[in-house]
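**Q** Take a look at the following structure, please.
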Amino acid sequence: MTHSTEQQPPKIEFPCENYSLRIIGDSCDNFVDVVLEVLKRHAPEVDPETVVCRDSSKGRFVSAQVSITAKSVEHLEQINQDLRETGLVRMVL
Amino acid sequence: MSRPVIIRHLGCVPYEPTWHAMQSFTENRDAETVDEIWLLEHPKVFTQGQAGKAEHVLAAGDIPVVQVDRGGQVTYHGPGQLVAYVLVDVRRAGQGVRDLVSSIENSLVELLYQYDIDAYAKPDAPGVYVAEKKIASLGLRIRRGCSFHGLALNVDMDLQPFQRINPCGYAGMQMTQLRDETQQKIELSEVSVCLRDALVSHLKFSEFITLTDGIECYE
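From first to last, the protein sequence lines stand for chains A and B.
So for the first sequence, the working numbering puts the first residue at 214; every next one is plus one.
So for the second sequence, the working numbering puts the first residue at 1459; every next one is plus one.
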């Protein structure tokens, strides 16, 4: 049974420009290169100049923030999966 | 789409009035009520969940035991432990309870990464762990589609009272804390800000509003 008064959950409208991804993983010299290589396969518009990186307090982990144009939920899931398959990425937000 | 959350930093507040305040908030909220996250510490107290077995409280001693309405077994709260109560309309957010639990666990894991700690959640036991020791506990209750209770992160505290109980019902469960893992003095206020930011982003809030007035307490 549906309730007409029930609020709809917040939805992202696709395509969504400037969709911000935060990618957290193990710090290493080529972390950003590996991440960008994956992102470019799925989102060729990604601009390497706009990647903002933050190291953890002693540099063991790194967090990279980057904007892409998100096309769909499946698109985001595929990016997430491929990033994780690099073995360097622990969390994608 | 805008999805704000109200953040309240409550300082060190006694357990029972705070618990009754979040029960009352959850009981009285409606479809438009903005979600809230309360960040606080409690004076020393053991809280026993609904499934809690009395035999897991081994020797409470001078620390009071409060029987509460969350899931899970007995736990301990005390100064130097950062507590976050997560008052979210889960149904309105279109999330499941499992999503909420995972988001809270991921917030903690990300926060701990910032302190160089390799923490993880377990699929079979709620909470966040570092090398098999528990650093943060989770306990939620859902009422009318809304969550209350939340998480407790051990920051810089006396862990001895955990030895007077079987935390979460596990005999011999080892507890750890942020200070022991980083080997540094840690400011709870700094951790509190990091936890706020992590929860806001993992729970997918669009913005937060910090309110400095206290909560209504019901003794």
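Cβ coordinates follow ideal geometry from the N, Cα and C atoms, glycine included.
(1) Starting from the beta carbon of Q1641 (chain B), find every residue of chain A whose beta carbon is closer than 7 Å, and list them in chain order.
(2) On the DSSP bridge list, what partners appear for C1604 (chain B)?
(3) Rounded to whole angstroms, how far is the Cβ of Y232 (chain A) from the Cβ of A283 (chain A), which I believe are closer than 8 Å?
(4) Just the Cα atoms here: how many angstroms apart are F274 (chain A) and D1638 (chain B)?
(5) Please check if any C-beta of chain B sits within less than 7 Å of the C-beta of F274 (chain A).
(6) With which residues is I1623 (chain B) paired in a DSSP beta bridge?
(7) Kindly indicate the opening and closing residues of the alpha helix (DSSP H) around S1650 (chain B).
(8) Just to confirm my understanding: we take T218 (chain A), look at its own chain, exclude 5 residues before and 5 after, and list those with CB closer than 6 Å. What are they?
(9) Thinking V279 (chain A) and V259 (chain A) are a contact (beta carbons under 8 Å), I'd like their distance in whole angstroms, please.
(10) Thinking just about the alpha-carbon of each residue, which of B:D1582, B:L1617, B:V1523, B:L1558 is nearest to the one in Y1543 (chain B)?
(11) Could you give the DSSP three-state label for S217 (chain A): helix, strand or coil?
(12) Under a CB-based cut-off of 7 Å, is S233 (chain A) close to chain B?
(13) Work out the CA separation of E1645 (chain B) and R1654 (chain B) for me, nearest whole Å.
(14) For E290 (chain A), name the three-state secondary structure that DSSP assigns.
(15) Hey, P1619 (chain B) and I1521 (chain B): beta-carbon distance below 7 Å or not?
(16) For the stretch 1479-1498 of chain B against the stretch 1598-1615 of chain B, are there 3 or more C-beta pairs whose distance is under 8 Å?
(17) Going along chain A in order, which residues have a C-beta closer than 9 Å to the C-beta of S1659 (chain B)?
(18) So, V1588 (chain B) versus A1579 (chain B), is the Cβ gap smaller than 7 Å?
(19) Helix, strand or coil, according to DSSP, for V1555 (chain B) in the structure here?
(20) Just list the residues that DSSP pairs W1496 (chain B) with in beta bridges.
(21) Note down the Cα distance separating A1551 (chain B) from E1590 (chain B), rounded to an integer number of angstroms.
(22) Report yes if the C-beta distance between A1656 (chain B) and L1569 (chain B) is below 7 Å; otherwise report no.
(23) Does DSSP put N1612 (chain B) in a helix, a strand or coil?
(24) Only counting the same chain, and skipping five residues up and downstream in sequence, which positions put a Cβ closer than 6 Å to that of V1471 (chain B)?
(25) Given that S269 (chain A) touches chain B, what residues does it touch there, using C-beta distances under 8 Å?
(26) Would you give the residue range spanned by the alpha helix (DSSP H) that Y1473 (chain B) belongs to?
(27) Tell me, please, whether the stretch 1561-1575 of chain B touches the stretch 1509-1526 of chain B by the rule of three or more beta-carbon pairs shorter than 8 Å.
(28) For I237 (chain A), count neighbouring Cβ atoms within 10 angstroms of its own Cβ and tell me buried if that reaches 16, exposed if not.
(29) Could you please give me the residues that DSSP links to A256 (chain A) through a beta bridge?
(30) Have a look at D1493 (chain B) and L249 (chain A) and give me their C-alpha separation to the nearest angstrom.
(31) Tell me the DSSP secondary structure of I1673 (chain B) in three-state form.
(32) Assuming V1503 (chain B) and H1535 (chain B) form a contact by the criterion Cβ under 8 Å, report the distance between their Cβ atoms to the nearest whole angstrom.
**A** According to the data block:
(1) Taking the second sequence and counting its residues from 1, the one referred to as residue 1641 (chain B) is at position 183. Neighbours of Q1641 (chain B) on chain A: none; closest Cβ ~11 Å, over 7 Å.
(2) Within the second sequence, the letter at position 146 stands for residue 1604 (chain B). Per DSSP, B:D1547, B:R1601.
(3) The residue given as residue 232 (chain A) occupies position 19 in the first sequence. The residue given as residue 283 (chain A) occupies position 70 in the first sequence. A Cβ-Cβ distance of about 4 Å is found for the pair Y232 (chain A) and A283 (chain A), placing them in contact under the 8 Å criterion.
(4) The residue you call residue 274 (chain A) lines up with position 61 of the first sequence. The residue you call residue 1638 (chain B) lines up with position 180 of the second sequence. If I take the Cα positions, the gap works out to 19 Å.
(5) Residue 274 (chain A) sits at position 61 when you count from the first residue of the first sequence. It does; some Cβ of chain B falls within 7 Å.
(6) Counting from 1 along the second sequence, the entry for residue 1623 (chain B) is found at position 165. For I1623 (chain B), the pairing in a beta bridge is given by DSSP as B:V1515.
(7) In the second sequence, the residue the question calls residue 1650 (chain B) occupies position 192. Counting along the chain, the alpha helix (DSSP H) containing S1650 (chain B) begins and ends at 1646-1660.
(8) Your numbering for residue 218 (chain A) matches position 5 in the first sequence. Annotation note: pLDDT 44 at T218 (chain A) (below 50); position unreliable, coordinate value reported separately. Excluding sequence neighbours, T218 (chain A) sits near nothing in its chain.
(9) Counting from one through the first sequence, the residue named residue 279 (chain A) turns up at place 66. Counting from one through the first sequence, the residue named residue 259 (chain A) turns up at place 46. V279 (chain A) to V259 (chain A), Cβ: 6 Å. Contact.
(10) The sequence position of residue 1543 (chain B) within the second sequence is 85, counting from 1. Here the closest residue by C-alpha is B:L1558.
(11) Sequence index remark: in the first sequence, residue 217 (chain A) carries index 4 (1-based). Residue confidence is low: S217 (chain A) scores 40 on pLDDT, short of 50, so the model does not pin down where it sits. No coordinate-derived value is stated.
(12) Looking up residue 233 (chain A) in the first sequence gives position 20. Interface criterion not met: the Cβ of S233 (chain A) is under 7 Å from no Cβ in chain B.
(13) Translated into the one-based positions of the second sequence, residue 1654 (chain B) becomes position 196. Translated into the one-based positions of the second sequence, residue 1645 (chain B) becomes position 187. Taken atom to atom, the span from the alpha-carbon of R1654 (chain B) to that of E1645 (chain B) is near 14 Å.
(14) Along the first sequence, read from residue 1 onward, the residue named residue 290 (chain A) stands at position 77. In this structure, E290 (chain A) counts as helix in the three-state DSSP scheme.
(15) Position 161 of the second sequence, counted from the first residue, corresponds to residue 1619 (chain B). Position 63 of the second sequence, counted from the first residue, corresponds to residue 1521 (chain B). For the pair P1619 (chain B) and I1521 (chain B), the CB atoms are nearer than the 7 Å cut-off.
(16) These segments touch.
(17) For the purposes of this step, residue 1659 (chain B) is taken as the residue at position 201 of the second sequence. Per Cβ cutoff of 9 Å: R235, L306.
(18) Along the second sequence, read from residue 1 onward, the residue named residue 1588 (chain B) stands at position 130. Along the second sequence, read from residue 1 onward, the residue named residue 1579 (chain B) stands at position 121. Between V1588 (chain B) and A1579 (chain B), the CB-CB gap reaches or exceeds 7 Å.
(19) As a position in the second sequence, residue 1555 (chain B) is number 97, starting the count at 1. Helix.
(20) Within the second sequence, residue 1496 (chain B) is the residue found at index 38, counting from 1. As DSSP reads the structure, W1496 (chain B) sits in a beta bridge with B:R1466, B:Y1543.
(21) Locating residue 1551 (chain B) in the second sequence gives position 93, where the first residue counts as 1. Locating residue 1590 (chain B) in the second sequence gives position 132, where the first residue counts as 1. The C-alpha of A1551 (chain B) lies about 32 Å from the C-alpha of E1590 (chain B).
(22) Walking along the second sequence from the start, residue 1656 (chain B) turns up at place 198. Walking along the second sequence from the start, residue 1569 (chain B) turns up at place 111. Note that the C-beta distance between A1656 (chain B) and L1569 (chain B) is below 7 Å.
(23) One-based indexing of the second sequence puts residue 1612 (chain B) at position 154. DSSP places N1612 (chain B) in strand when its eight states are reduced to three.
(24) Walking along the second sequence from the start, residue 1471 (chain B) turns up at place 13. Cβ neighbours of V1471 (chain B) beyond the five flanking positions: L1498.
(25) Along the first sequence, one-based indexing puts residue 269 (chain A) at 56. Y1571, Q1572, Y1573, D1574, listed in chain order.
(26) Locating residue 1473 (chain B) in the second sequence gives position 15, where the first residue counts as 1. Where Y1473 (chain B) is concerned, the enclosing alpha helix (DSSP H) stretches over 1473-1486.
(27) Here the stretch 1561-1575 of chain B makes no contact with the stretch 1509-1526 of chain B; the two share fewer than three CB pairs at distances below 8 Å.
(28) Here the question's residue 237 (chain A) lines up with position 24 in the first sequence. Buried is the call here.
(29) Translated into the one-based positions of the first sequence, residue 256 (chain A) becomes position 43. According to DSSP, which records beta bridges pairwise, A256 (chain A) is partnered with nothing at all.
(30) One-based indexing of the second sequence puts residue 1493 (chain B) at position 35. One-based indexing of the first sequence puts residue 249 (chain A) at position 36. Taking the straight line from one Cα to the other gives about 36 Å.
(31) The residue you call residue 1673 (chain B) lines up with position 215 of the second sequence. Coil.
(32) Within the second sequence, residue 1503 (chain B) is the residue found at index 45, counting from 1. Within the second sequence, residue 1535 (chain B) is the residue found at index 77, counting from 1. Yes, they are in contact, since the Cβ atoms of V1503 (chain B) and H1535 (chain B) sit about 5 Å apart, within 8 Å.
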